[in-house]
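So the sequences go chain by chain: A and B.
If you use this note's numbering, the first sequence corresponds to residues 202 to 315, in order.
If you use this note's numbering, the second sequence corresponds to residues -8 to 106, in order.
See below for the structure under consideration.
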Amino acid sequence: GAVVSQHPSWVICKSGTSVKIECRSLDFQATTMFWYRQFPKQSLMLMATSNEGSKATYEQGVEKDKFLINHASLTLSTLTVTSAHPEDSSFYICSASATNEKLFFGSGTQLSVL
Amino acid sequence: GESVGLHLPTLSVQEGDNSIINCAYSNSASDYFIWYKQESGKGPQFIIDIRSNMDKRQGQRVTVLLNKTVKHLSLQIAATQPGDSAVYFCAETAAGGTSYGKLTFGQGTILTVHP
């Protein structure tokens, strides 16, 4: 089946630094990728929709200048958490789909900001 | 500030029992529903899906039931095994066909299977 690779699986950073998370579709071209955030014991909340070659669409309440999304190719989308603070600590998950295909999820990235 | 923590519903069963996990959805326009299993520290894993033109779909040891009248979805797991222990989420989308739109996830249910 289709595989979505997410890297890194966990990252610890100091407050004020930026962290980049990569999401790759390994065996298919992902026209659309989605980024979710999940706090402990909570559900997944959609942050933004990323379409290859165009600007991401952010959900209400998500700061686009803080969570920079780049979908420069059909196999790679990146999420950069800029000037991270402890409240940004969360589990970040990407998903990807090809046109008219099912959605596949990455394995997630646990971000801890000290 | 920190998000307020929510307590996920829990379901505890004995190995070999059947499990039923329920989900209520709110968007009448949703026409495509998926159940996911999420193990600790991992991304969601697809279990089974159903379109709004169906009310029941069966997979291997799993059955999904859809009641559009009351906007209710359920996942039945037959002969539950310890490896089924995880958090289960329902998700909905107004896919309008075969492709996924944005998914809206339910709150999740923690399933614990005791040997």
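For every residue, glycine included, the Cβ atom is placed at its ideal position computed from N, Cα and C.
Excluding residues up to 5 positions away in sequence, Ala249 and Lys265 lie with their Cβ nearer than 6 Å to the Cβ of A/Tyr259 in the same chain. Proximity to A/Pro287 across A/Ser216, A/Thr276, A/Val204 and A/Ser296 peaks at A/Ser216, based on C-alpha coordinates. Chain-order list of chain B residues neighbouring A/Gly307: Gly34, by C-beta distance under 7 Å.
Residue state for A/Glu288 is assigned as helix, using DSSP reduced to three classes. In this structure B/Ala15 is exposed. Its beta-carbon is surrounded by fewer than 16 other beta-carbon atoms within 10 angstroms. Taking the beta carbon of B/Phe80 as reference, the chain A residues within 8 Å of it are Ser244 and Leu245, listed in sequence order.
In the structure shown, B/Asp22 adopts coil according to DSSP, grouped into three states.
For A/Thr281, the enclosing beta strand (DSSP E) covers residues Leu277 to Val282. Within the segment 225 to 257 of chain A, the runs of beta strand (DSSP E) that reach at least 3 residues and sit entirely inside it are, in chain order, 233 to 239 and 245 to 252. Sequence-ordered contacts of the segment 53 to 73 of chain B with chain A are nonexistent [C-beta pairs closer than 7 Å]. Note that the C-beta distance between B/Ile11 and B/Ser65 is below 8 Å.
Here the alpha carbons of A/Leu315 and B/Ser19 stand approximately 42 Å from one another. Residues of chain A with a Cβ closer than 9 Å to the Cβ of B/Phe24 do not exist, since the nearest Cβ in that chain sits about 13 Å away.
Here A/Arg238 is buried, its C-beta having at least 16 other C-beta atoms within 10 Å.
Residues of chain B with a Cβ closer than 8 Å to the Cβ of A/Ile294 are, in chain order, Gly34 and Pro35. The beta carbon of B/Gly7 sits no closer than 8 Å to any beta carbon of chain A. Listed by position along chain A, the residues whose Cβ is nearer than 7 Å to that of B/Lys28 form an empty set, because the closest Cβ is around 11 Å away.
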